[in-house]
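For the sequence shown, my numbering begins at 253 and goes up steadily by one. Here a beta-carbon is modelled for each residue, glycine too, at the ideal position from N, C-alpha and C. Working notes, structure below.
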Amino acid sequence: VSATTIYGGTYNLFAHTLPEYGITATFVDPDKAGGFEEAIRGNTKAVFIESVGNPNSNLIDIDAVAKTAHSHGIPLIVDSTFATPYLLRPIEHGADVVVHSATKFIGGHGTTLGGVIVDSGKFDWAASGKFPKLTEPNPSYHGISFSRDVGAAAYAARARAILLRDTGATISPFNAFLLLQGLETLSLRVERHVQNTLKIVDFLHRHPRVERVNHPSLPESPYHKLYEKYFPNGGCSIFTFEIKGGAKEATDFIDRLQIFS
């Protein structure tokens, strides 16, 4: 079960690519009360959300969704790429697995493609009987049962020992070095990103030719209360806005734009 307010590439993965491998997704409007509860079925294996929706900065009550997922014996997976660990730590709000595109803020300099999986170590993979790949003996790895023999790190251990081995989804030592370099300045960079974003959001919000700005820091945002709850250090630096008029006005704006990153 996945929120609809996710990155387009992830949506395509869930909607089009994974079904070719027998994995399907049910998409839920996260703003609908009880939507996740209604969507979970007996064969549901996980709930997936983004801590900050890409690209409109939608927010979700992580605590509430985690409670719903856990009541059905399934984990909550949170993509927290936009928030970064500096602004939000979803595991502290009930997430079981957190993923990041390290290419973005963690790397910080556009030099490296990479991703991160963080296993909270808190989810009991053996309790529901839904995760045989983690509980039953693995014949390719000396008959190990990851949940029994590795314990709290079962999910991360299987990802590293089996999937990394078989798919080759690894990065080079040099790329890992570049990501570690980025981590050293993550807090400083994100802090400045947030400061700059709030100034730009305020400017656009007051501009007479802007119809709407989508950022949870704005008091009229439907996500402002969640913003205050989850983001004491400020929200992410990604936002969208709408130009008054139509396609012509939007095209004129793009053609006149001097600086864009």
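Just tell me which of the options has its CA closest to the CA of residue i.
i    : options                : result
F334 : G486, D507, I506, A502 : G486
S380 : S399, G366, G367       : S399
Y393 : L415, L456, H322, S424 : L415
V280 : P271, I292, E272, G274 : I292
G294 : T364, V253, L435       : V253
L478 : A354, D401, D315, F505 : D315
P474 : P271, A428, K284       : K284
A517 : H322, F483, S439, G366 : Residue 517 lies beyond the residue range present for the chain, which begins at 253 and ends at 513; the question has no answer from this structure.
N308 : K500, I490, R461, I511 : I490
F357 : P337, D376, A347, E302 : P337
V462 : Q433, T276, T492       : T492
I258 : T276, V442, P282       : P282
A347 : G260, I329, L470       : I329
E289 : G367, R444, K319, G497 : K319
A421 : N448, L365, T437       : L365
H345 : Q510, K481, C488, A499 : K481
Evaluate residue i with the Cβ neighbour count: other Cβ atoms within 10 Å of its Cβ, from every protein chain shown; 16 or more gives buried, anything less gives exposed.
i    : result
R458 : exposed
F426 : exposed
H268 : exposed
H361 : exposed
E494 : exposed
N306 : buried
S424 : exposed
Y407 : buried
Y273 : exposed
I301 : buried
R508 : exposed
L386 : buried
L431 : buried
T262 : buried
L417 : Note that residue 417 is Arg in the sequence shown here, rather than Leu. The residue is exposed, with fewer than 16 neighbouring Cβ atoms inside 10 Å.
A405 : exposed
A502 : exposed
From the DSSP output, read off the bridge partner residues of residue i.
i    : result
A255 : V280
D348 : Bridge partners of D348: none, in fact.
V367 : Checking the sequence shown, residue 367 turns out to be Gly, not Val. In the DSSP output, where bridge partners are listed per residue, G367 has S353.
F300 : S254, I329
I495 : V462
Give the C-beta separation of residue i and residue j to the nearest angstrom, bearing in mind that I take them to be a contact with Cβ-Cβ under 8 Å.
i    : j    : result
K374 : I326 : K374 to I326, Cβ: 13 Å. No contact.
L311 : V304 : 7 Å
S469 : L440 : Contact flag wrong, Cβ pair sits at about 20 Å.
F518 : L339 : Residue 518 lies beyond the residue range present for the chain, which begins at 253 and ends at 513; the question has no answer from this structure.
V453 : V442 : That pair is no contact at about 16 Å.
I343 : V351 : That belief does not hold up - the Cβ atoms of I343 and V351 are roughly 12 Å apart, past 8 Å.
G359 : G286 : Contact doesn't hold; Cβ gap of about 38 Å is too wide.
S397 : P391 : About 11 Å separates the two Cβ atoms, so there is no contact after all.
Per DSSP, what kind of secondary structure is residue i in: helix, strand or coil?
i    : result
D313 : coil
S392 : helix
F455 : helix
Q510 : coil
L422 : The sequence shown places Thr at residue 422, rather than the Leu named in the question. Of the three classes helix, strand and coil, the one that applies to T422 here is coil, per DSSP.
L470 : coil
N306 : coil
L339 : helix
A502 : helix
I490 : coil
K385 : helix
D401 : helix
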